[in-house]
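Q: Going by the UniProt record's numbering, the first residue of the sequence shown is number 1, and it counts up by one from there. Even for Gly, the Cβ is constructed at its ideal location relative to N, Cα and C. Mind having a look at this structure? Questions to follow.
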Amino acid sequence: MQNDESGHDHDQGLQHDLAIMEKRADRRQLLKWMAGASLVPLVGCGPESASDGLLTQGAEDELLACTRIPEEMAGPYPGDGSNGANALLLAGIHRSDIRTSIGGATGVARGVPLTLTLTLVNRAACAPLAGYAIYVWQCERAGLYSMYSPGVQYENFLRGVQVTNAQGKVTFTSIFPGCYPGRWPHIHFEVYPSLASISNFRNKIATSQLAFARAPCQQVYTATGYQQSAANLRPLSIERDLVFADGYANQLATTTGNNTTGYTSTLQFAI
1 MQNDESGHDH DQGLQHDLAI MEKRADRRQL LKWMAGASLV PLVGCGPESA
51 SDGLLTQGAE DELLACTRIP EEMAGPYPGD GSNGANALLL AGIHRSDIRT
101 SIGGATGVAR GVPLTLTLTL VNRAACAPLA GYAIYVWQCE RAGLYSMYSP
151 GVQYENFLRG VQVTNAQGKV TFTSIFPGCY PGRWPHIHFE VYPSLASISN
201 FRNKIATSQL AFARAPCQQV YTATGYQQSA ANLRPLSIER DLVFADGYAN
251 QLATTTGNNT TGYTSTLQFA I
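Printed below as a string of structure tokens:
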């Protein structure tokens, strides 16, 4: 079974992907330079602090959270109609709990519970963006993608859409994703201008991925059903991942919790 990502955005082709990668590398080099630990002096921001005017960790985090999130490749399993199956046409795809299949399919994704909250902001003013539709999709605990992977190709769990509220937030109830060969643990998402626009993937205005830190992944992967994910994670490094190798500072989710009660992951990102 081939379960690694090809790295191609199927709707626009290789040249488009290469252009994105080149621009992304330049942008992330600038971001690293701007937000590296205690390297950026604050200019015109009032009295100097005890750190001699250098950015505090909190200020660096805010800078990252208000910097446009890198455009990433959707990969081979988007389920948005750009590569075959289109989950966005299913009745019930607008939902917060994405653990079950819909539209006549009955499968349930088993695993350690995960509550995922994404906050969408405008990069110009770092102000919340309300009324945007965010589509998320991910693999299950064994690294399989519904609608594509053998054994779950007739399921559509771990896919769903929510609309940002006045605070720019959406929240999904899911499971902690597994780890498959060659890819760091992650969740995909696309942003659409409205719920009415999700039926056509060409309407999306951003495509990206969020990453998880190694520590929570290692902890989760001691749970039942994640044994293969634990083995797959062991030789991997986020710094060598095909998506995150050029930087992941503003794509790394903040994750807390435990295997008994579940985990909470949050990420603020800008478009």
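1. Closer than 7 Å by C-beta to TYR154: which residues in its own chain qualify, once you throw out the five before and the five after it? Chain order, please.
2. What are the residues that DSSP puts in a beta bridge with ALA127?
3. Skipping 5 residues on each side, what residues in its chain have a beta carbon closer than 8 Å to that of ILE69?
4. Does the Cβ-Cβ distance between ILE93 and PHE157 come in under 9 Å?
5. Rounded to the nearest angstrom, how far is the Cβ of LEU114 from that of TRP184, given a contact under 8 Å?
6. Touching or not, the segment 211–223 and the segment 77–86, by the rule of three or more beta carbon pairs under 8 Å?
7. Going by DSSP, what residue range makes up the alpha helix (DSSP H) through LEU233?
8. Please state the DSSP three-state secondary structure of VAL163.
9. Three-state secondary structure (DSSP) at residue 320?
10. So TYR145 and TYR77 are supposed to be a Cβ contact under 8 Å. How far apart are they, rounded?
11. Who are the Cβ neighbours of ARG141 in its own chain at under 7 Å, not counting the five residues just before and after it?
12. Under 8 Å by Cβ, that's how I've got LEU267 and ALA245 pegged, so tell me the actual separation to the nearest angstrom.
13. With distances taken between CB atoms, is the gap from PRO117 to VAL108 smaller than 9 Å?
14. Identify the residues that DSSP records as bridge partners of VAL170: which are they?
15. Let's test the definition: count the other Cβ atoms within 10 Å of the Cβ of GLU190 and tell me whether it reaches 16, buried, or not, exposed.
16. From GLU71 to THR164, what does the alpha carbon distance come to, in whole angstroms?
17. Starting from the Cα of LYS204, find the closest Cα among ALA125, LYS169, LEU210 and MET73 and give me that residue.
18. Specify the secondary structure class of ALA253 as computed by DSSP and reduced to three states.
19. In chain order, what residues of the same chain lie with their CB nearer than 7 Å to the CB of THR67, ignoring the 5 residues before and after it?
20. Which partner residues does PRO113 have in the DSSP bridge list?
21. So ALA211 is in the beta strand (DSSP E); what residue range does that whole segment cover?
22. Tell me whether GLU155 sits in a helix, a strand or coil according to DSSP, three-state version.
23. With the cut-off set at 9 Å, would you say ILE187 and GLN162 are in Cβ contact?
24. In its own chain, which residues sit with a C-beta less than 6 Å from the C-beta of THR119, not counting the 5 before and 5 after it?
A: Let's see:
1. Taken in chain order, the residues that qualify are ALA105.
2. Per DSSP, ASN122.
3. Contacts found: ALA206, SER208, ASN250, GLN251, PHE269, ALA270 and ILE271.
4. Not closer than 9 Å, so no.
5. With 8 Å as the limit, LEU114 and TRP184 do not qualify as a contact, their Cβ atoms being about 16 Å apart.
6. Between the segment 211–223 and the segment 77–86, the count of Cβ pairs shorter than 8 Å is below three; the stretches do not touch.
7. Unbroken alpha helix (DSSP H) run through LEU233: 227–233.
8. DSSP places VAL163 within a strand segment (E or B) once states are collapsed to three.
9. For the chain, the structure presents residues 1 to 271; residue 320 sits outside this window and is missing.
10. Yes, TYR145 and TYR77 are in contact; Cβ-Cβ is about 4 Å, under 8 Å.
11. Result list for ARG141: ARG110, GLY111, ILE175, GLY178, GLY225, TYR226 and SER229, in chain order.
12. Not quite, the Cβ-Cβ distance comes to about 19 Å (not below 8 Å), so this is no contact.
13. Reading off the sequence, residue 117 comes out as Thr, not Pro. No, the pair does not count as a contact, with Cβ atoms beyond the cut-off.
14. Its beta-bridge partners are LEU118.
15. GLU190 should be labelled buried.
16. The straight-line gap separating the alpha-carbon atoms of GLU71 and THR164 is approximately 20 Å.
17. The shortest C-alpha separation from LYS204 is found at MET73.
18. The DSSP-derived three-state label of ALA253 is coil.
19. Only LEU31, ARG123, ASN250 and ALA270 meet the Cβ criterion.
20. Answer is ILE175.
21. DSSP places ALA211 in the uninterrupted beta strand (DSSP E) bounded by 206–211.
22. In the structure shown, GLU155 sits in coil (DSSP, three-state: anything other than H, G, I, E or B).
23. The answer is no: Cβ separation not under 9 Å.
24. Answer for THR119: GLY168, LYS169 and GLN268, listed in chain order.
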